[in-house]
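Some notes on the structure that comes next.
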Amino acid sequence: MEEKETPSRDETTSIQPPPTNFPTPIPETNSSTGVQDVQEGESPAKNDDEPQYLGPRALTFFMSAILLVVIILTLDQSILATATPKITDQFHTIADIGWYAAAYMICNASLQPLTGKVYTYFPLRYAFLGFVFVFELGSLVCGVAQSSTMLIVGRAVAGMGASGLQNGALTMIAVAAPPSQRPTLMGVVMAMAGAGQLLGPLIGGALTQHATWRWCFYLNLPIGGIVLVVMACIELPEYKNRKASWTFRDVIRDFDITGFTIFAPACIMLLLALEWGGSTYPWSSARIIGLFVGSAGAFVAFFIWEYWHGENAMIPLPLMSMRVVYSSMLASFFQFGGLLIFSYYLPLWFQVIKHASPTMSAVYILPTFISQIISAILTGVLISRIGYVAPPAVVGSGLAALSSGLMSTFNLNTGTGVWIGYQIINGAGRGMAITQPIQAVQSVVKPDMVPTITALIAWAQTFGGAIFIGLAQTAFINLLKSSLNNHAPGVEASAVIATGATDYLAHLAAQGDMKTRHGVLLAYNEAITETFYLALGCTLAAAVACVGIWKTRVERKKKPVKNDVERQGEVSKTENGGDLTKEENSRCGSNSSHKSARPSNELDEGVDADVSKGTER
104 MEEKETPSRD ETTSIQPPPT NFPTPIPETN SSTGVQDVQE GESPAKNDDE PQYLGPRALT
164 FFMSAILLVV IILTLDQSIL ATATPKITDQ FHTIADIGWY AAAYMICNAS LQPLTGKVYT
224 YFPLRYAFLG FVFVFELGSL VCGVAQSSTM LIVGRAVAGM GASGLQNGAL TMIAVAAPPS
284 QRPTLMGVVM AMAGAGQLLG PLIGGALTQH ATWRWCFYLN LPIGGIVLVV MACIELPEYK
344 NRKASWTFRD VIRDFDITGF TIFAPACIML LLALEWGGST YPWSSARIIG LFVGSAGAFV
404 AFFIWEYWHG ENAMIPLPLM SMRVVYSSML ASFFQFGGLL IFSYYLPLWF QVIKHASPTM
464 SAVYILPTFI SQIISAILTG VLISRIGYVA PPAVVGSGLA ALSSGLMSTF NLNTGTGVWI
524 GYQIINGAGR GMAITQPIQA VQSVVKPDMV PTITALIAWA QTFGGAIFIG LAQTAFINLL
584 KSSLNNHAPG VEASAVIATG ATDYLAHLAA QGDMKTRHGV LLAYNEAITE TFYLALGCTL
644 AAAVACVGIW KTRVERKKKP VKNDVERQGE VSKTENGGDL TKEENSRCGS NSSHKSARPS
704 NELDEGVDAD VSKGTER
């Protein structure tokens with residue numbers, strides 16, 4: 104009998120599966136974290152059922168719709184400030200001013216984690232269109248509002264819709280484009296967000312002055328209509344749903360409705376305490392203390408429930424225990440805190456100290472947003488080349504911290520070149536850092552966990568911004584009272600706060616009391632610049648948190664597109680660099696024996712413990 108040739112050790116290694124894994128077309132995953140279990144030093148096995156991506160033409164239409172959504176979201180948040188004075192004039196009340204923003208913010212932050220479940224179990228496109236419709240409905244209610252209460256209700260409905268738009272946009276980018284293109288696309292999204300923040304006050308001022316404040320909300324309707332039409336015409340790739348259908352009991356369990364009913368009140372109580380504390384009620388009042396205590400108790404109960412609920416939890420705790428995940432959440436939390444502090448208080452500095460109109464103050468912050476737009480796009484291209492997201496995140500947060508410290512030195516005589524230069528540093532840092540946490544977490548979890556993890560990052564961004572804006576407002580008011588005592592001791596702080604800085608300064612100028620006016624200017628400058636210290640702390644904390652994603656990589660190499668759809672995994676690379684087609688791989692026995700064409704993510708130490716060593720089953 105003819106003796107068969109015995110394969111060499113190297114040949115055997117290249118066609119045999121790892122000893123701890125059985126041949127399977129789908130790699131083993133850690134069900135608790137959603138991270139693929141791989142042998143140390145190897146990439147995840149290629150899947151025969153890899154996701155399809157949109158080709159260039161479809162991707163262009165898709166991104167156009169996403170960018171329009173980003174525009175209406177950022178416009179909706181930034182345009183309200185310039186419309187508020189006219190709104191209060193028409194409804195004859197200033198008591199509800201805080202609720203115009205708070206109603207939107209509370210509904211947005213409370214619902215965001217639940218939207219991850221919606222995008223996991225329902226078709227992405229239809230879920231996204233549903234949230235667009237709710238947001239448009241809220242905008243319509245605001246536009247036709249006949250009372251302040253009706254406007255607040257409209258803002259709450261718009262917040263419900265917005266809760267799923269940010270998460271949905273970022274999730275759909277993850278399924279529409281391969282990892283190698285996502286950094287660039289994320290950079291474009293960030294650039295458009297900066298443009299929306301920039302244009303919001305300008306458009307709001309123009310509409311309020313030359314038309315009516317209602318058009319600040321009507322403007323969302325035609326833009327949203329275009330989004331609905333474009334998205335309805337695009338066949339978007341989908342994640343596999345866990346189930347094709349559910350019973351009512353399945354919905355309650357899988358969507359973690361019980362967890363949501365605990366989580367939402369916890370968020371609402373905390374945000375209300377921050378909204379009311381120090382302004383509507385004293386911090387020491389029983390109402391504020393009760394809200395803080397109730398929120399803390401609800402959060403404790405929520406995390407106990409989530410631990411007990413296991414893999415169906417709204418916020419899976421094993422996922423949050425990964426260093427790359429909690430580091431990304433902390434980074435986003437602090438990044439948006441610092442960003443919103445400057446978004447609110449830098450225009451105020453220009454209006455009070457430099458005597459700029461609301462429209463001109465928006466022009467004066469152009470350097471921040473222009474540099475942010477350019478930096479975001481260039482950073483996205485860079486990450487597509489180098490594959491690492493942490494270096495730009497750390498450097499960008501460091502630049503934002505540097506600029507925060509520099510802007511805290513502003514005074515009455517600060518020159519144009521100085522405040523332009525400091526803003527350029529700030530915008531460049533923002534653009535480099537702000538999208539990297541999302542890319543980091545999306546690159547380490549399996550596809551059907553992307554909606555959940557993206558919702559967590561979006562929630563951290565929203566919640567961080569809301570908390571630090573509340574803290575900044577409290578700090579600013581207390582600092583202003585103290586500074587007025589030092590620089591203008593004869594001035595009642597309550598009168599300045601109630602009247603407003605520009606009106607009070609104009610009143611002093613009309614009386615010819617220039618000494619008191621100068622003292623008030625010094626007090627405002629001191630209060631605003633010392634509030635920037637809080638932004639400095641946020642950006643420094645974000646830089647430290649970004650160190651936790653240091654080893655995380657995204658795919659660098661772009662794959663060819665065929666028939667308007669890109670299919671991942673058509674080529675699998677062997678250990679010695681040779682290329683095998685899928686058909687040849689199947690003849691060899693198992694795709695799991697070859698290294699993936701997609702480079703493995705070098706996870707942090709906490710993830711390595713679960714992934715590279717294998718999870719006991």
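Under the working numbering, the sequence shown has 206 at position 103, and the numbering climbs by one with no breaks. All residues carry an ideal CB built from backbone N, CA and C; glycine is no exception. Here the structure is a predicted model, which is why all the values come from computation and not from measurement.
Assignment of beta-bridge partners to Gly380 by DSSP yields Tyr384. Looking at Leu171, Met423, Ser398, Ala399, the one whose alpha-carbon comes closest to that of Tyr410 is Met423. In this structure, the alpha-carbon of Arg533 lies about 6 Å from that of Gly499. Burial of Asn270 is indicated by the presence of at least 16 other C-beta atoms within 10 angstroms of its C-beta. Contact check for Ala272 and Tyr207: beta-carbon distance about 18 Å, past the 8 Å limit, so the pair fails to qualify. Straight through space, the alpha carbons of Ile209 and Val237 are spaced by roughly 16 Å.
In this structure, Val623 is the residue among Val623, Lys618, Ser487 with its C-alpha nearest to the C-alpha of Thr602. Thr274 sits away from Pro550, with the two beta carbons spaced by 7 Å or more. In the DSSP annotation of this structure, the continuous segment of the alpha helix (DSSP H) that includes Pro540 starts and ends at 539-545. Per DSSP, the continuous alpha helix (DSSP H) segment holding Ala230 begins and ends at 227-247.
In this model, Leu373 and Ser398 are separated by some 6 Å (Cα to Cα).
Here the alpha carbon of Thr577 sits roughly 30 Å from the alpha carbon of Val650. Per the coordinates, the alpha-carbon of Asp359 lies some 30 Å from the alpha-carbon of Ala280. Excluding its 5 nearest sequence neighbours in each direction, Phe472 has C-beta neighbours in its own chain below 8 Å: Gly297, Ala298, Gln300, Leu301, Gly530, listed in chain order. Note on the region 186-225: whole alpha helix (DSSP H) runs with a minimum of 4 residues are 200-224, in chain order. Across the structure, Phe402 and Ala648 are spaced so that their CA atoms are roughly 22 Å apart. Within its own chain, the residues whose Cβ lies closer than 7 Å to the Cβ of Pro286, once the five positions on either side in sequence are excluded, are Gly483, Ile486, Ser487, Gln542, Val657, listed in chain order. Around the beta-carbon of Cys245, 16 or more other beta-carbon atoms lie within 10 Å, marking it buried. With contacts defined as CB atoms closer than 7 Å, Gly267 and Phe225 fail to qualify as a contacting pair. Pairing Met295 with Val466 gives a Cβ-Cβ distance that is not under 7 Å.
Just so you know, the alpha carbons of Arg426 and Ile652 end up roughly 7 Å apart.
Looking from the CA of Phe439, the closest CA among Gly328, Gly568, Gln249, Ser167 belongs to Gly568.
With respect to the C-alpha of Leu232, the residue from Asn415, Val330, Tyr429 having the closest C-alpha is Val330. With the rule of 3 Cβ pairs closer than 8 Å, the region 577-596 counts as touching the region 623-636.
Two segments are said to touch when three or more pairs of C-beta atoms, one from each, lie closer than 8 Å; by this definition the region 444-460 does not touch the region 429-436. Between the alpha carbons of Trp318 and Leu559 lies a gap of roughly 33 Å.
Note on geometry: alpha-carbon atoms of Ala479 and Ala613 lie some 46 Å from one another. A Cβ-Cβ distance of about 6 Å is found for the pair Ile306 and Ile182, placing them in contact under the 8 Å criterion. Contact annotation, Ile468 with Leu449: C-beta distance approximately 6 Å; criterion of less than 8 Å satisfied. When only Cα atoms are considered, Gly327 and Leu574 end up about 33 Å apart. Judged by beta-carbon spacing, Met535 lies beyond the 7 Å limit of Tyr525, meaning their Cβ atoms are not closer than that value.
Along the region 358-431, the alpha helix (DSSP H) occurs as fully enclosed runs of 4 or more residues at 360-379, 389-412, 420-423, listed in sequence order. In the structure shown, Ile468 adopts coil according to DSSP, grouped into three states. Taken atom to atom, the span from the alpha-carbon of Gly219 to that of Met334 is near 19 Å. Straight-line spacing of the CA atoms in Asn415 and Thr223 works out to 12 Å. Nearest neighbour of Ala204 by Cα position, chosen from Met166, Met263, Leu162, Phe165, turns out to be Met263.
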